[in-house]
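Just below is one structure, and these are the notes that go with it.
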Amino acid sequence: MGRMFGTDGVRGIANSELTSELAYKLGRAGAHVLTEGTHKPKILVGMDTRISGDMLESALVSGILSVGAEAICVGVVPTPAIAYLTREYNADAGVMISASHNPVEYNGIKFFNKCGYKLSDDLEDKIQGTIENNFKNVPSPTGEKLGRKIIEESALEDYMEFAESTIDCDLKGLKIALDCANGASYKAAVQTFRKLGAEVVVINNDPDGININKNCGSTHPEELMDYVVRKGCDFGLAFDGDADRCLAIDEKGNLVNGDFIMAICGKYLKEKGKLNKDVVVVTVMSNLGLDIALKEINVSTVKTKVGDRYVLEQMLKEDYKLGGEQSGHIIFLDYNTTGDGIVTGLQISRVIKESGKKFSELVSIMSELPQILANAKVPNDKKSIYLEDEEIITKIKEIENKLDGCGKVLIRPSGTEPLVRVMLEGKDQSELDELAHNLAKLIENKANQ
Numbered sequence: 001m002g003r004m005f006g007t008d009g010v011r012g013i014a015n016s017e018l019t020s021e022l023a024y025k026l027g028r029a030g031a032h033v034l035t036e037g038t039h040k041p042k043i044l045v046g047m048d049t050r051i052s053g054d055m056l057e058s059a060l061v062s063g064i065l066s067v068g069a070e071a072i073c074v075g076v077v078p079t080p081a082i083a084y085l086t087r088e089y090n091a092d093a094g095v096m097i098s099a100s101h102n103p104v105e106y107n108g109i110k111f112f113n114k115c116g117y118k119l120s121d122d123l124e125d126k127i128q129g130t131i132e133n134n135f136k137n138v139p140s141p142t143g144e145k146l147g148r149k150i151i152e153e154s155a156l157e158d159y160m161e162f163a164e165s166t167i168d169c170d171l172k173g174l175k176i177a178l179d180c181a182n183g184a185s186y187k188a189a190v191q192t193f194r195k196l197g198a199e200v201v202v203i204n205n206d207p208d209g210i211n212i213n214k215n216c217g218s219t220h221p222e223e224l225m226d227y228v229v230r231k232g233c234d235f236g237l238a239f240d241g242d243a244d245r246c247l248a249i250d251e252k253g254n255l256v257n258g259d260f261i262m263a264i265c266g267k268y269l270k271e272k273g274k275l276n277k278d279v280v281v282v283t284v285m286s287n288l289g290l291d292i293a294l295k296e297i298n299v300s301t302v303k304t305k306v307g308d309r310y311v312l313e314q315m316l317k318e319d320y321k322l323g324g325e326q327s328g329h330i331i332f333l334d335y336n337t338t339g340d341g342i343v344t345g346l347q348i349s350r351v352i353k354e355s356g357k358k359f360s361e362l363v364s365i366m367s368e369l370p371q372i373l374a375n376a377k378v379p380n381d382k383k384s385i386y387l388e389d390e391e392i393i394t395k396i397k398e399i400e401n402k403l404d405g406c407g408k409v410l411i412r413p414s415g416t417e418p419l420v421r422v423m424l425e426g427k428d429q430s431e432l433d434e435l436a437h438n439l440a441k442l443i444e445n446k447a448n449q
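Here this note's numbering is used: the first residue of the sequence shown is 1, the next is one more, and so on.
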């Protein structure tokens, strides 16, 4: 068996790749590995709005109960709520059933330890090993020692109170448009921003189980870009299906990605003396324009592999306070242990409110170098072909020489889909476009031979 866990938990097409049987096994193995030696452990379980959530929750919870642990079910909540509430409720672990920004047919299961952090590779491997060893030495208690399912009604309210507490001002006088992606933020985001006094208009907050992320949210912000302008809003915020990402829209309808958000919030935190070591942690996907903008205000960047878990590892290692990804996974470590879309939206709102400036003025701190992303469809077992095939390796070197230090080539296999992503950055957009798509086509052809 290959590695079960990808970059963000176990993910696949629900009822085909991610089956009830697998969910049961993950619940059983995860509960055993994460709570070994704990007396009557309790594990928090949440989910997003997709139709397969009920099926997978039932199976996952059965697995948890089968080893004698309690399952505290909190229903539909954002992923960062699980990270926060696991700590707040003194649970032994947390599990989120979500495929984040992926289409409805996908779902996923991701674990958090008792401190609210995503698991290390070693712990994930231990869970997989327990399944592969057919649950050797895993108890199957009977009678009163079995686990119990408990439904926690107040969980969402507790998370919203926490989110509100992360800013020390109200949002009166701001008109904010929200796109909830028909996902896990559909109640939490709207209620939180209204409670803080903002005038809130909202789209895509009517989930029916199958419309999550469908032409909406942070992966499809076009509707929100138009809506912000039509409704005369000060800005807009777009979340993804599980609300651990947030992208923004300025009052002119321009998309503001995670790099700009980090530039704006990094400057604000530095001015407040809250940016430890004057460092922002970013991934290799971040635009070179972010490095330039932060350097102007004497802030350094530290780069990691792609994935918010790697950003977090670096932040914890060196006690950095702000980090994230261009995609809108932003970690404010003073507040939460994972990317938190609602908290990110609130931090942006606070900067806009306190500055008294138009959002577009704040965004002008940074100029973006052109970036082109092209996808190559490849079988999962051929994702490393760009490291092995001589023709592909030669082509990558040719492109790097052509960019001559004023850009970069980044090849990244998707952790969740049968894709290899080709990203080029430089000064000439049309040249980059041609180079990126030619390289992606070469990788695709070679991988599918």
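Glycine included, C-beta positions come from ideal geometry on N, C-alpha and C.
Per the coordinates, the alpha-carbon of I212 lies some 7 Å from the alpha-carbon of T49. In this structure, A99 sits near Y106, with a CB-CB distance shorter than 8 Å. With contacts defined as CB atoms closer than 8 Å, V95 and L60 qualify as a contacting pair.
The way I'd put it, the region 129–147 does touch the region 62–74; three or more beta-carbon pairs between them come closer than 8 Å. Counting of Cβ neighbours within 10 angstroms places D122 among the exposed residues, the total staying below 16. By the criterion of a C-beta distance shorter than 7 Å, V33 is surrounded in its chain by L123, K126, I127 and T130, once the five residues flanking it on both sides are discounted.
Annotation for S98: no alpha helix (DSSP H) segment contains it, and DSSP assigns it neither H nor E. F193 sits in a helix when the DSSP states are folded into three classes. Unbroken beta strand (DSSP E) stretches of 3 residues or longer found wholly inside the region 377–441: 408–413 and 419–425, given in chain order. Our two residues, A376 and D240, have alpha carbons roughly 23 Å apart in a direct line. In this structure, P413 lies away from K446, with their beta-carbon atoms at least 8 Å apart. Runs of the beta strand (DSSP E) lying entirely within the region 241–309 and spanning at least 3 residues, in chain order: 246–249, 279–283 and 300–304. Considering only C233, L432, V363 and G232, the residue with the shortest C-alpha distance to L294 is V363. Buried is the label assigned to V67, since at least 16 other Cβ atoms lie within 10 Å of its Cβ. With respect to the 8 Å criterion, E251 and F359 are classified as neighbours on the basis of their beta carbons.
In this structure, DSSP gives M4 a state outside helix and strand, which the three-state scheme calls coil. Rounded to the nearest angstrom, the Cβ distance from A83 to F111 is 11 Å, too far for a contact under 8 Å. G173 has no beta-bridge partner at all, per DSSP. With contacts defined as CB atoms closer than 8 Å, I264 and I365 qualify as a contacting pair.
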